[in-house]
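Chemist:
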Ligand SMILES: [Zn+2]
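In the numbering used here, the protein residues as written are 132 to 410.
1. Is residue 218 a contact residue of ligand 1, with contact defined as CB to any heavy atom under 7 Å?
2. Just verifying my parser: in three-state terms, what is the DSSP assignment at residue 356?
3. Measuring alpha carbon to alpha carbon, tell me which of 397, 316, 139 and 148 ends up nearest residue 286.
4. Express the C-alpha separation of residue 226 and residue 276 in angstroms, rounding to a whole number.
5. Could you pull out every residue in the same chain whose Cβ sits closer than 8 Å to the Cβ of residue 267, ignoring the five residues on either side in sequence?
6. Taking only the alpha-carbon atoms, compute the straight-line gap between residue 413 and residue 220 and give it to the nearest angstrom.
7. On the CB-based measure, 16 or more other CB atoms within 10 Å of its CB, does residue 303 come out buried or exposed?
8. Once you ignore the five residues that flank residue 295 on each side, which residues in its own chain have a CB closer than 7 Å to its CB?
9. For the pair the region 161 to 178 and the region 236 to 253, tell me if three or more CB-CB distances fall below 8 Å.
10. Is it true that the CB of residue 241 sits closer than 8 Å to the CB of residue 290?
11. What do you get for residue 371, buried or exposed, if any count of 16 or more other CB atoms within 10 angstroms of its CB means buried?
12. Could you check how far apart the C-beta atoms of residue 381 and residue 358 are, in whole angstroms? I think they sit under 8 Å.
13. In whole angstroms, give me the CA-to-CA distance for residue 162 and residue 408.
14. Taking the Cβ atom as the reference point for each residue, do residue 196 and residue 190 lie within a distance shorter than 8 Å?
15. Out of 322, 135, 338 and 360, which has the shortest C-alpha to C-alpha gap to residue 215?
16. Given the structure, does residue 286 come close to ligand 1, in the sense that its CB is under 7 Å from one of the ligand's heavy atoms?
17. What residue range does the beta strand (DSSP E) around residue 140 cover?
18. Per DSSP, what kind of secondary structure is residue 277 in: helix, strand or coil?
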C-alpha cells in the first residue's frame, strides 16, 4: 500500500462519493505488485468546474507549467509537485454511472503508479521531430498540441494494459465505451480538417487515445475484448475505411514499442504518425 492515500474532499462535496472514490482507488492500488509506491498520493474532489479550473490556473502560473486543457476529462492527474495528484470534479461526474467512474479511478491510479514523476509531463522536441512536423505544416505550437495528444495516448496504453492484465479490464472497457458513446463533435471537426494535413494529423493524434486503449484492453488479455473494437468501428463509421483501418494498424504497431522509455515511445509514435502517408 502507498504510505499515504490522501482524499481531500472539498466543502460541499458528497461524502458517499468520497467513500466510493477511496474504495475504487484502493482496489487498483492493491494490484500494485512490484511497482514502486509513491510516498504520497492525493485525490482531490472538487465541487465545481470553476473551482477545479481556478486551481489549475493558479498552479500552472506558480509552477510555470504549460499543458493542454484539462476540462474535457472526467478526472485528471499530474505530478507537478513531485508526487502524483488526482483531481475529480463532482459536478462533472454526477451523471456518470458507477461502473464508468470506477474505471476512471482505476485509470487515474494507474497513471499515478506508472507516471508519478515530472518526466512524464515534459516532452523533448528533437530536431528530427521538428523537421517531420515542418514537413506536415506543423509549426512548433501545433507540433506541441500533436505531441500532447500522443503523450496521453501512449500513457493510456500503458495504464490500460496494466489494469487489464491485473484483472481490472472491466472498468477500462466501461470507460472506453463511455468515451465513444458520442462522437458527433469529433465528426464535425474531422469534416473541417480532413483535407488539410496539419490539423488532420492533430485530430488523428487525439483519436488514437481510444484506439490505443482498446488495443491495450485486448493485449492485456481481457476476455471478449474484441467486441470493443467492433463498437469503436461503429462509433467512427464516419471515417472512411482506410482511415479506420489505418488507425487500428497504427495502434497495433505502437503496442510493439514496449520496453522503450516513455520519451522514446512518444518520439517514435509522433514520427510514425507524421510520416505515415496513409493517415
Ligand atoms: Zn489516461
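Don't be surprised by glycine CBs; every beta carbon is placed ideally from N, CA and C.
Since the structure is predicted, the reported quantities are computational estimates derived from the model, not experimental observations.
Modeler: Taking the geometry as given:
1. no
2. coil
3. 397
4. 29 Å
5. 328, 329, 332 and 405
6. What is shown of the chain runs 132 to 410, which leaves residue 413 out entirely.
7. buried
8. 303, 347, 348, 351, 352 and 353
9. yes
10. yes
11. exposed
12. Not really, about 21 Å apart at Cβ, beyond 8 Å.
13. 41 Å
14. yes
15. 135
16. yes
17. 136 to 140
18. helix
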